[in-house]
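J.: The structure that follows is given in the form of structure tokens.
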Amino acid sequence: MFIYIDILLRLALWLLLAPLLPGVINKVKAWVGGRQGPPVLQLYYDLARLWRKGVVVSTLASPGFIIAPAIAWTAVVAAALLLPLAGAGAALSFDGDVLLLVYLLALARFCTAWGAMETGSAFEGMGAAREVSFAVLAEIGIITAVLTLVVQSGSIALSSMFEPLPGPGAALLAVGLFIILLAENCRVPFDDPNTHLELTMIHEVMVLDHSGPPLAMILHGAAVKLMLFSVFLAQAVLPLSELPLLISLAALAGSVLLITVAVGLVESLTARLAFKRVPLLLTIGFLFCLFPLILTWMGDL
Amino acid sequence: MNDTLSLLIGLAMGLNLLALGTSRLPVLIRAVAAQGVLLGLLPLVLEAHALDWRLILITLATVAGKGLLIPYMLIRAMRAAGIARELEPFIGYIPSLLLGAGGTIAAVALIRYLPLLPEHAGTLHVPGAMALILTGFILLIGRTKAISQVCGYLILENGIYLAGLLLIRSTPILVEFGILLDVTVGIFVIGIIVDRIQRAFDSLDTRKLTALHE
Chain A
1 MFIYIDILLR
11 LALWLLLAPL
21 LPGVINKVKA
31 WVGGRQGPPV
41 LQLYYDLARL
51 WRKGVVVSTL
61 ASPGFIIAPA
71 IAWTAVVAAA
81 LLLPLAGAGA
91 ALSFDGDVLL
101 LVYLLALARF
111 CTAWGAMETG
121 SAFEGMGAAR
131 EVSFAVLAEI
141 GIITAVLTLV
151 VQSGSIALSS
161 MFEPLPGPGA
171 ALLAVGLFII
181 LLAENCRVPF
191 DDPNTHLELT
201 MIHEVMVLDH
211 SGPPLAMILH
221 GAAVKLMLFS
231 VFLAQAVLPL
241 SELPLLISLA
251 ALAGSVLLIT
261 VAVGLVESLT
271 ARLAFKRVPL
281 LLTIGFLFCL
291 FPLILTWMGD
301 L
Chain B
1001 MNDTLSLLIG
1011 LAMGLNLLAL
1021 GTSRLPVLIR
1031 AVAAQGVLLG
1041 LLPLVLEAHA
1051 LDWRLILITL
1061 ATVAGKGLLI
1071 PYMLIRAMRA
1081 AGIARELEPF
1091 IGYIPSLLLG
1101 AGGTIAAVAL
1111 IRYLPLLPEH
1121 AGTLHVPGAM
1131 ALILTGFILL
1141 IGRTKAISQV
1151 CGYLILENGI
1161 YLAGLLLIRS
1171 TPILVEFGIL
1181 LDVTVGIFVI
1191 GIIVDRIQRA
1201 FDSLDTRKLT
1211 ALHE
């Protein structure tokens, strides 16, 4: 019985807190730009509005157009539930759940691309192709980071694999995971979430023809994914699970907020990269994750 | 001491990858300069227990030469030639980054099989030197602009200097002083040559040097 309450509490936490992060990012961007900006809770209002609206479905589209965003959203939320929360640990944990997490994220991406292709629009197909081809490079980085944690802790269960590396390894891993966080969540050096030019969009172009509740699911799923990566990054780098429960949760929340502000700052201070330079930055992110792996593997050099 | 040493050498190895991954010549030149400064500080770390004024003087000279004088001359040559980017390298940025990273990892992994003195075995000293020499080679082979090739040569020299520091107790450090002087004169000469290439061919692309020109 207790475990159900635990899972429900976590679910509520993830679902309710996630839309806060894009609001914080937008506030930071507005603050750097000297504007007042939208309220921090804007995404909540948007989601509520979208939820009440109807859906416009193209005559070309199969039911997959509605089903795909739903599967993607479920997969991302399920992946988030697998993640332990600092001192509170994970609600359910088994050996190899980290693989399930990676595959759930891949499933979510597949479904977003599938939903985009359903519309039969050339632009959305283009966006899907871009999203998937960059994801191939970003995924190498995630898998390397996961391998680093696995080698460091000697465990393949998420609940016990977050044993941060000592010193420089942790710093390298933090930079690498941050680059991958930006790429995976389509933030600025890789993609501009505010752009309105179909030719240069990646993620946003895939959701152009979605409306109503499916769009709400896509937006909320993106927010949950951002929070998931921030929580993963914070726990992979900081030794949070050794602290007492409440302090560790507060530290986790603080570091997630810090990461969000950093994303906002990167977004305000840098320009989007040209497409042909994106693989270079992703390769650099991969190398930032690879060197901690070598450091851990070689032992104390 | 070993931690500081490994940190300095690790940072120098990181700068290797920056040098391999960037297409902007000012960034490349500054990376090489920063690497020279980091490695110039090494004698102080290595001989921290027996500092004397000669060692400090030589450190200062190395830092000033590699960190200020050589980059200044390279940046001047770059401005005179009017180029700021390496546009068409023989080996692209991603392949050269991966080659450099692979070489670095191989250097770190191979150290276990080398018959090193016990005081060198636990540090990044030898793999660092090997990684620097390898990066220098990749830049020398893979780039087409003369200035990038000079930077590759400088990284190569940094690697040789790092390897030379292994013998800091048995060779007079004056030898390194002589090498540094040679390098400075070399860069000076290359600066002039770069200028001449630029005037004769209207480009710093070394591929054009194979064609006859009036």
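Protein chains in written order, with the numbering used here: chain A, 1 to 301; chain B, 1001 to 1214. Positions of the beta carbon are idealized from the N, C-alpha and C atoms, including for glycine.
1) Measure how close the beta-carbons of Val24 of chain A and Leu257 of chain A come, nearest whole angstrom, since I'm counting them as under 8 Å.
2) Just tell me which of A:Leu158, A:Ile202, A:Ala72, A:Pro69 has its CA closest to the CA of Glu124 of chain A.
3) Are any of the Cβ atoms in chain B nearer than 9 Å to that of Leu290 of chain A?
4) Under the assumption that Pro69 of chain A contacts Tyr44 of chain A (Cβ atoms under 8 Å), give the Cβ distance between them as a whole number of angstroms.
5) Any idea what DSSP makes of Asp1205 of chain B, helix, strand or coil?
6) Going by DSSP in three states, Lys53 of chain A sits in which element: helix, strand or coil?
7) Just the chain C side, please: which residues come within less than 7 Å of Gly1021 of chain B by C-beta, in chain order?
8) What is the DSSP secondary structure of Leu1030 of chain B, counted as helix, strand or coil?
9) Output needed in chain order: residues of the region 145–169 of chain A with a Cβ under 7 Å from some Cβ in chain B.
10) Return the residues of the region 1070–1098 of chain B that lie within a Cβ-Cβ distance of less than 8 Å from chain A, sorted by chain order.
11) In the structure shown, what three-state DSSP assignment does Arg1076 of chain B receive?
12) Which same chain residues end up closer than 6 Å to Ala106 of chain A when comparing Cβ atoms and leaving out the 5 residues on each side of it in sequence?
13) Could you list which residues in chain B have their beta carbon closer than 9 Å to that of Ile66 of chain A, in chain order?
14) Mind checking if Leu1007 of chain B is an interface residue toward chain A, Cβ cutoff 9 Å exclusive?
15) Tell me, please, which residues DSSP counts as bridged to Lys1145 of chain B.
16) For Arg35 of chain A, which of helix, strand or coil comes out of DSSP?
17) Give a yes or no on whether 9 Å exceeds the smallest Cβ distance from Ile294 of chain A to chain B.
18) Quick check on this structure: which residue in A:Pro39, A:Ile259, A:Phe94 has the alpha carbon closest to the alpha carbon of Phe178 of chain A?
19) Would Gly1103 of chain B and Ile1155 of chain B be called neighbours here (beta carbons separated by less than 9 Å)?
20) Report buried or exposed for Leu228 of chain A, applying the criterion of at least 16 other Cβ atoms within 10 angstroms of its Cβ.
21) Between Ile1009 of chain B and the rest of its own chain, which residues show a CB-CB distance below 6 Å, the 5 nearest in sequence each way excluded?
22) Roughly how many whole angstroms lie between the Cα atoms of Leu1051 of chain B and Leu1069 of chain B?
23) So the alpha helix (DSSP H) Met227 of chain A belongs to, where does it begin and stop?
24) Measuring only between beta-carbons, confirm whether Gly1010 of chain B sits less than 9 Å from chain A.
25) For the region 287–299 of chain A and the region 1081–1088 of chain B, state whether three or more C-beta atom pairs, one from each stretch, are separated by less than 8 Å.
26) Between A:Ala222, A:Leu173, A:Tyr4, which lies nearest to Leu149 of chain A when the distance is taken from Cα to Cα?
27) Taking its Cβ as the centre, do 16 or more other Cβ atoms sit within 10 Å of Asp1182 of chain B, making it buried, or is it exposed?
28) Whose CA, out of A:Leu293, A:Leu13, A:His210, lies closest to the CA of Ala171 of chain A?
29) Got a sec? Which residues, its chain only, sit under 7 Å from Ser160 of chain A by beta carbon, not counting five neighbours each side?
T.: Taking the definition as stated:
1) The residue given as residue 24 of chain A occupies position 24 in the first sequence. The residue given as residue 257 of chain A occupies position 257 in the first sequence. Right, their Cβ atoms sit about 7 Å apart.
2) Translated into the one-based positions of the first sequence, residue 124 of chain A becomes position 124. Glu124 of chain A has its Cα closest to that of A:Ile202, out of A:Leu158, A:Ile202, A:Ala72, A:Pro69.
3) On the first sequence, position 290 is the one that residue 290 of chain A refers to. With 9 Å as the cut-off, Leu290 of chain A counts as an interface residue toward chain B.
4) If you number the first sequence from 1, residue 69 of chain A lands on position 69. If you number the first sequence from 1, residue 44 of chain A lands on position 44. At roughly 19 Å, the Cβ-Cβ gap does not stay under 8 Å, so Pro69 of chain A and Tyr44 of chain A are not in contact.
5) Residue 1205 of chain B sits at position 205 when you count from the first residue of the second sequence. Correct three-state label for Asp1205 of chain B: strand.
6) Taking the first sequence and counting its residues from 1, one reaches residue 53 of chain A at position 53. In the structure shown, Lys53 of chain A sits in coil (DSSP, three-state: anything other than H, G, I, E or B).
7) As a matter of chain content, chain C is missing from the structure shown, whose protein chains are A and B.
8) Against the second sequence, residue 1030 of chain B aligns to sequence position 30. Reading the sequence as shown, one finds Arg at residue 1030 of chain B and not Leu. Three-state DSSP puts Arg1030 of chain B in a helix.
9) Pro168
10) Tyr1093, Ile1094, Leu1097, Leu1098
11) Counting from one through the second sequence, the residue named residue 1076 of chain B turns up at place 76. Helix.
12) For the purposes of this step, residue 106 of chain A is identified with residue 106 of the first sequence, where counting begins at 1. Closer than 6 Å at Cβ, skipping near neighbours: no residue.
13) Sequence index remark: in the first sequence, residue 66 of chain A carries index 66 (1-based). Per Cβ cutoff of 9 Å: no residues; Ile66 of chain A is ~39 Å from chain B at best.
14) On the second sequence, residue 1007 of chain B is found 7 positions in, with the first residue counted as 1. With 9 Å as the cut-off, Leu1007 of chain B counts as an interface residue toward chain A.
15) By 1-based counting over the second sequence, the position of residue 1145 of chain B is 145. For Lys1145 of chain B, which the question treats as bridged, DSSP gives the partners B:Asp1205.
16) As a working note, residue 35 of chain A is residue 35 in the first sequence. The answer is coil: DSSP assigns Arg35 of chain A none of H, G, I, E or B.
17) In the first sequence, the residue the question calls residue 294 of chain A occupies position 294. Cβ-Cβ to chain B under 9 Å: yes for Ile294 of chain A.
18) In the first sequence, the residue the question calls residue 178 of chain A occupies position 178. With distances taken between Cα atoms, Phe178 of chain A lies closest to A:Ile259.
19) The residue labelled residue 1103 of chain B in the question sits at position 103 within the second sequence. The residue labelled residue 1155 of chain B in the question sits at position 155 within the second sequence. Not closer than 9 Å, so no.
20) Working through the first sequence from its first residue, we reach residue 228 of chain A at position 228. By the 10 Å Cβ count, Leu228 of chain A comes out buried.
21) Sequence index remark: in the second sequence, residue 1009 of chain B carries index 9 (1-based). Answer for Ile1009 of chain B: Leu1124, Gly1128, listed in chain order.
22) Counting from 1 along the second sequence, the entry for residue 1051 of chain B is found at position 51. Counting from 1 along the second sequence, the entry for residue 1069 of chain B is found at position 69. Taking the straight line joining both Cα atoms gives about 25 Å.
23) Working through the first sequence from its first residue, we reach residue 227 of chain A at position 227. Segment 212–237, the alpha helix (DSSP H) holding Met227 of chain A.
24) By 1-based counting over the second sequence, the position of residue 1010 of chain B is 10. Output row for Gly1010 of chain B: interface = yes.
25) no
26) For the purposes of this step, residue 149 of chain A is taken as the residue at position 149 of the first sequence. The shortest C-alpha separation from Leu149 of chain A is found at A:Leu173.
27) Taking the first residue of the second sequence as position 1, residue 1182 of chain B is located at position 182. Counting Cβ neighbours within 10 Å, Asp1182 of chain B comes out exposed, since fewer than 16 surround it.
28) Along the first sequence, read from residue 1 onward, the residue named residue 171 of chain A stands at position 171. Distance check between Ala171 of chain A and each of A:Leu293, A:Leu13, A:His210 places A:Leu293 closest, using alpha-carbon atoms only.
29) Here residue 160 of chain A refers to the residue found at position 160 of the first sequence. Cβ neighbours of Ser160 of chain A beyond the five flanking positions: Ser153.
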